[in-house]
Each structure stands twice: as structure tokens, then as C-alpha cells.
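Structure, as C-alpha cells:
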Amino acid sequence: MTTQFSWAKQWYPIIPLSYLDILNPTPITLLGKKLVIWRDKNQKWIVMDDICPHKLARLSMGSITEDGNLMCRHHGWCFNSEGKCTHIPMLAGNQAEVTACNSLRSKVTTYPTLVIQELLWVWPDDSSTAFEDCNSKQPAIIPESELDISSTSWHMTEVPVGYIVSVESTFDPSHAEFLHEGIGIFSPKTAVPMEHFESVGEISAQ
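Residue numbers (the working numbering): 16 to 221.
This is the structure we're talking about:
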């Protein structure tokens, strides 16, 4: 009996912390979802849908306020780390603002996040149980015994190929010295012939 693999119910390392700007939101796309990353007043990295519920403007084009909320550039609506609308300038100070801010229609979906090994991880599931479900799995991190954070620099590359080719390439041990030339120690000069190559064990979707 096979189990259904859920793409959304997984931890994904979406960006190195060194790539993030603590003063401005960062847009990113994962599994076809447009997301925005920003840091709140408690220095916690937040990931939410990159869309304002008011006029559907991209929140990544907005700014982070002095009180640590994300403000939409279009009409100044503000959202906290839980995605709740906290301020609507055109309704400021009256009951209409309270009513609008408490409406589910003004809420932005947020996603569970973790910071591990200098990477920001996200659980891109928008179900009501996402923050509970994410505790059932641990991110696929590099064992601490094999990683020296002090000497590791993460790199991101936009690969001009489809997903299948990209995944196949990760299982190909002979490409790194050529494709990743100039990154870290990779160089065609260090390439060596493969010997005694064999697959060990099985690969699962998990």
C-alpha cells in the first residue's frame, strides 16, 4: 500500500539568512505560491502570502513599519506576524476600522517557519492545522557532525531547466566540478574518473 505524498506538508529551505534584508520584505515563489518574507518586531522571520486582501497588491512591494508590522504599499494596510490586519489608514480611529481588522476577509495566510543551519525553512501548507502538523516532521538538515557553520557559505542559483532535470542532476555525482565551477572548491581541474560506483539502499519520496 502506497501513501499519498503531500508537497505542501514538508519543510523547505527557501533562502539563506545572509540573502535576507531585515529592513525590507523579500518576495519568493515556492510550489507556484507567491510568498513574502519579512522580520517582525521580535526578530522572527515571517512567511505569508504575497497578496494584500484589499486590492490584491503584492505585499513584498510594501515596507516594514517602526512597530514591526508589514505595510501594503497601495493603501497602507498593515499586518502583524499572524497575518491579522492591524491598521487601515482611511478608517483610522473608528468602529469601521475595528470591524474590518477583525474580519477574516482582511487576514493574510501565514506559514510555519524555522531557522536552522543559517537557512530559513517554511512549511507551505495553508490548512488550519499547519502549525500543528509541522511538528510531526523535522527538516532534512545536514548532520551537525558534517557541517561547520562558521566556514559554510550558502549559495542560491536560478537554474534554467525544468524540475525533473534539476532533481536528476542532484543525483549525478560527476557534474559538480563543471556546472558549479567557481563556487567553493569546485573546479574542472579537480574532476576525477568515477570508480566502483553503485547504488546503496532505496530512495523514497520522503
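Glycine included, each C-beta is placed from N, C-alpha and C at the ideal position.
Note the first and the last residue of the continuous alpha helix (DSSP H) segment covering residue i.
i: residue 215; result: That residue, residue 215, is in no alpha helix (DSSP H); it is neither H nor E in DSSP.
i: residue 34; result: Segment: none, residue 34 is in no alpha helix (DSSP H) and carries neither H nor E.
i: residue 194; result: 191-194
As a quick exercise: from the options, pick the residue whose alpha carbon is nearest that of residue i.
i: residue 92; options: 133, 38, 121 and 111; result: 121
i: residue 85; options: 191, 158, 205 and 39; result: 39
i: residue 2; options: 64, 58, 214 and 37; result: There is simply no residue 2 to check, as the chain begins at 16 and stops at 221 in what is shown.
i: residue 172; options: 127, 148 and 30; result: 30
i: residue 204; options: 194, 213 and 99; result: 194
i: residue 116; options: 74, 68 and 26; result: 68
i: residue 201; options: 212, 188 and 213; result: 188
i: residue 155; options: 21, 76 and 25; result: 25
i: residue 207; options: 131, 77, 99 and 192; result: 192
i: residue 126; options: 178, 160, 95 and 179; result: 95
i: residue 158; options: 144, 168 and 131; result: 131
i: residue 21; options: 100, 28, 46 and 105; result: 46
i: residue 169; options: 143, 133 and 108; result: 133
i: residue 37; options: 83, 28 and 23; result: 83
Going by DSSP in three states, residue i sits in which element: helix, strand or coil?
i: residue 64; result: strand
i: residue 123; result: coil
i: residue 207; result: coil
i: residue 100; result: strand
i: residue 179; result: helix
i: residue 151; result: helix
Would you kindly work out how many angstroms separate the C-alpha atoms of residue i and residue j, rounded to a whole number?
i: residue 70; j: residue 88; result: 11 Å
i: residue 44; j: residue 210; result: 39 Å
i: residue 197; j: residue 34; result: 19 Å
i: residue 97; j: residue 146; result: 12 Å
i: residue 150; j: residue 179; result: 29 Å
i: residue 90; j: residue 53; result: 19 Å
i: residue 112; j: residue 141; result: 26 Å
i: residue 183; j: residue 78; result: 39 Å
i: residue 57; j: residue 102; result: 19 Å
Considering residue i, what are the terminal residues of the beta strand (DSSP E) in which it resides?
i: residue 116; result: Per DSSP, residue 116 belongs to no beta strand (DSSP E); it is in the alpha helix (DSSP H), 110-116.
i: residue 106; result: Per DSSP, residue 106 belongs to no beta strand (DSSP E) and is neither H nor E.
i: residue 135; result: 134-137
i: residue 74; result: Segment: none, residue 74 is in no beta strand (DSSP E) and carries neither H nor E.
Is the stretch 55-62 touching the stretch 128-146, taking contact as three or more C-beta pairs under 8 Å? Result yes; three or more Cβ-Cβ pairs closer than 8 Å.
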